[in-house]
Amino acid sequence: MFLRYLIIFVFLLPINSFALIEVDITRGNLNPLPIAVSPLFSDKETKSNLKKTNEKEDIGSEISFVIENNLKKSGLFNPLNKDSFLQKPDIAHLKPRFEDWALIKAQALITGKVTLIDDKLRVEFRLWDVLAAKEMMALAFTTVPSNWRRVGHIITDKIYERLTGEKGYFDTRIIYVSEEGPKTKRIKKLAIMDQDGFNTKYLTLGNELVLTPRFNPTNQMVTYLSYFRNLPRVYLLDIETGIQEVVGDFPGMTFAPRFSPDGKKIIMSFAKDGNSDIYTMDLENRIVERITNHPSIDTSPSYSPDGKYICFNSDRSGYQQIYIMKSDGSNVKRISFGKGLYGTPVWSPRGDLIAFTKLHKGKFYIGVMRTNGKGERLLTENFYQEAPSWSPNGRVLIFYRETKTDEKGEGFSAKLWSIDLTGYNERLVDTETDASDPSWSSLLSN
Amino acid sequence: MNLNKIFKNSLLIILACFALSACAKKVSTGQLQGDVYTGTDTVEYLASGVPDRVFFATNESVLTTKSRETLRKQAAWLRKNSKINIVVEGHADERGTREYNLALGERRANAAKDYLMTYGISADRISVISYGKERPVDSGSNPLSWSKNRRSVTVKAN
Chain Y
254 MFLRYLIIFV FLLPINSFAL IEVDITRGNL NPLPIAVSPL FSDKETKSNL
304 KKTNEKEDIG SEISFVIENN LKKSGLFNPL NKDSFLQKPD IAHLKPRFED
354 WALIKAQALI TGKVTLIDDK LRVEFRLWDV LAAKEMMALA FTTVPSNWRR
404 VGHIITDKIY ERLTGEKGYF DTRIIYVSEE GPKTKRIKKL AIMDQDGFNT
454 KYLTLGNELV LTPRFNPTNQ MVTYLSYFRN LPRVYLLDIE TGIQEVVGDF
504 PGMTFAPRFS PDGKKIIMSF AKDGNSDIYT MDLENRIVER ITNHPSIDTS
554 PSYSPDGKYI CFNSDRSGYQ QIYIMKSDGS NVKRISFGKG LYGTPVWSPR
604 GDLIAFTKLH KGKFYIGVMR TNGKGERLLT ENFYQEAPSW SPNGRVLIFY
654 RETKTDEKGE GFSAKLWSID LTGYNERLVD TETDASDPSW SSLLSN
Chain D
833 MNLNKIFKNS LLIILACFAL SACAKKVSTG QLQGDVYTGT DTVEYLASGV
883 PDRVFFATNE SVLTTKSRET LRKQAAWLRK NSKINIVVEG HADERGTREY
933 NLALGERRAN AAKDYLMTYG ISADRISVIS YGKERPVDSG SNPLSWSKNR
983 RSVTVKAN
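Protein chains in written order, with the numbering used here: chain Y, 254 to 699; chain D, 833 to 990.
Pasting the structure below:
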């Protein structure tokens, strides 16, 4: 499956380095950059050939919609209405008439061209600085036609990186738990989809309860909790082959799994006689190590990106709080001291922040704090929400939210939401069914 | 005249009382003591007179007086029916994070298991499973519903 996604970079035109446009992503962006995404041009021959391959005829236009949708959802860009465009896509791609684009207030312009060569799709695009009247970037990709959505995501990543100076998060996937049925008898399945909600695939049938899936660093494996045969255990699933196995041979419930940053270990909780502690299992030599040993609940472990530290959730103080320790279990330190209960700590991929769920006075919050517990910021408040997961560039959090039921106990729903680290740009994430426990992959390309 | 008026008024008062008590009854289906459920609405029975579940306070796994009474009844019944094995399911309400609730459910199930063991039920006959907040019995989003969901349930395994 992943081989199919392999993309060949054909050429890389020299990039001018005196671009003027810059997008600041460190603050809430209230003035998103006006950008014109011209439909990627394809000639008649390409269109008729594409029709024969069972793909959409005007793939160029479709790709531009993918790019536009990504840019819009990032909250940093304001894609302009295509009806206002004055120049034709093919001519604009060769040499834009910058005055025309400036007239509709575009500051950046994306143009491109799609051709079909020997059943391979060749997509090229250019990013232009309208006010400086300069080309900022030009790239081309060759891939199988069925990969066209992914090309749109990769192009968005390139544009995002060029304009913000940081890696994008568009060529990524989300693994989550799909939910159906009444609240008292929920049916749950593992599901995987592109970051923008397309290409959903279901990885389990719903015969047993499944919870908390998480990707490994290469996005090929998933670790999750399954109630297969009514024995709640941590499992490992190879997405490509569909092969599943139980992680370790524990005489009781294992749960709250995550991979270590090098992908070699799984860290999780093991519950015995009413006490949950944190363990790791090495996936190569199967050696199990006990990391915490305390008569309280220790769960929700998450490694720092360098693998040297672990943050986790414990009620050793009497209530749920966030702690950090060295990866061998030494130097345990509590870091959450605000009012309320804290859970689900997740270390940011940049290493500087820990995202968490907080419960205070009957409300649930998603927030972040520095790794020493200082600088707590609450990003969003709701009746119920939890389980943040970071975008690979550490700029966006995805989490799930549940609704309060009415007097009859009806109206329950669970949905995925995302919010920027700035606390702005809160958005519902499209899913085919109700959804919970999202986990964001790393970038699939590069 | 006066008497008639008094009679009328008292009748009204009596009617009002009826209305109130009817209303009150409707609102409080089930009772709470502190935030622990003490009603019998959702309770099923292992055997005649032996309730299958006990309830817990928010974030707690301490057995209440009523819980211990229920578990003693279960233990007595299990001693008489020595061929029956049981599963104790531990559950939490929806007002907690999923992973912590799994641990909390396990702790609650074990609290019930330990108590049954002190009343002579062998550990071999009792297995535990935590469902965290995954299997509520009441889908409401209010304190009474939550109190019904914070429970451990003793289920026959064979």
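The beta carbon of each residue, even a glycine, is placed where N, CA and C say it ideally should be. On a predicted model such as this, the values are computed, not experimentally measured, just so you know.
Using a Cβ-Cβ cut-off of 7 Å, Y932 of chain D counts as an interface residue toward chain Y, since at least one Cβ of chain Y sits closer than that to its own.
Per DSSP, V875 of chain D has no beta-bridge partner at all. Put simply, the CB of L462 of chain Y is near chain D, with a gap under 7 Å to one of its CB atoms.
By the beta-carbon neighbour count (other beta carbons within 10 angstroms, threshold 16), N891 of chain D is buried. Within 10 angstroms of the beta-carbon of Y572 of chain Y lie fewer than 16 other beta-carbons, which makes it exposed. Classified as buried, Y869 of chain D has 16 or more neighbouring CB atoms from the shown chains inside 10 Å of its CB.
E966 of chain D belongs to the set of residues whose beta carbon lies under 7 Å from a beta carbon in chain Y.
If you check the CB distance, A941 of chain D and S962 of chain D come in under 7 Å. Among the CB atoms of chain Y, none fall inside 7 Å of the CB of T874 of chain D.
Inter-segment contact for the region 304 to 312 of chain Y and the region 342 to 356 of chain Y is absent: fewer than three beta-carbon pairs are separated by less than 8 Å.
The beta-carbon separation of L443 of chain Y and V463 of chain Y, rounded to 5 Å, stays under the 8 Å limit for a contact.
In this structure, DSSP gives A989 of chain D a state outside helix and strand, which the three-state scheme calls coil.
Judged by DSSP secondary structure, G628 of chain Y falls outside any alpha helix (DSSP H); it is assigned neither H nor E. Residue contact check for I550 of chain Y against chain D: a CB pair falls below 7 Å. Rounded to the nearest angstrom, the Cβ distance from E498 of chain Y to S479 of chain Y is 11 Å, too far for a contact under 8 Å. Burial is judged here by how many other beta carbons sit within 10 angstroms of a residue's own beta carbon; G866 of chain D has fewer than 16 and is exposed. Distance from the CA atom of N635 of chain Y to the CA atom of K657 of chain Y, rounded to whole angstroms, is 10 Å.
For R939 of chain D, the closest Cβ of chain Y is nearer than 7 Å. Under the three-state reduction of DSSP, S337 of chain Y is assigned to helix. When DSSP reads this structure, A289 of chain Y sits in a beta bridge with Y:L362.
Straight across, the Cα-Cα distance linking T545 of chain Y with I531 of chain Y is about 5 Å. Under the 8 Å Cβ criterion, the region 420 to 437 of chain Y does not count as touching the region 380 to 391 of chain Y, having fewer than three qualifying pairs. Per the coordinates, the alpha-carbon of L903 of chain D lies some 34 Å from the alpha-carbon of F565 of chain Y. At a beta-carbon threshold of 9 Å, the residues of chain Y lying near E926 of chain D are K436, Y637 and E655, ordered along the chain. Look at the beta carbons and you see the region 428 to 436 of chain Y not touching the region 893 to 901 of chain D: under three pairs across the two are nearer than 8 Å.
The continuous stretches of alpha helix (DSSP H) do not include F423 of chain Y, and DSSP gives it neither H nor E.
A Cβ-Cβ contact shorter than 7 Å links T507 of chain Y with V487 of chain Y. Neighbours of Y576 of chain Y across chain D, judged by C-beta separation under 7 Å, do not exist; the nearest C-beta is about 13 Å away. Residue burial is scored here from C-beta neighbours: S337 of chain Y has fewer than 16 other C-beta atoms within 10 angstroms and is therefore classed as exposed. Chain D has no Cβ within less than 7 Å of the Cβ of A667 of chain Y. Residues of the same chain with a CB within less than 7 Å of the CB of V882 of chain D, apart from the 5 flanking positions on each side, are K905, Q906 and W909 in chain order. Membership of L374 of chain Y in the beta strand (DSSP E) is indicated by the continuous run K373 to D382. According to the DSSP secondary-structure assignment, A355 of chain Y is paired through a beta bridge with no residue. As computed with DSSP, E639 of chain Y is found in a beta bridge with Y:Y653. Nearest neighbour of V383 of chain Y by Cα position, chosen from Y:P292, Y:E275 and Y:L456, turns out to be Y:E275. Proximity to F887 of chain D across D:R967, D:N933 and D:W978 peaks at D:W978, based on C-alpha coordinates.
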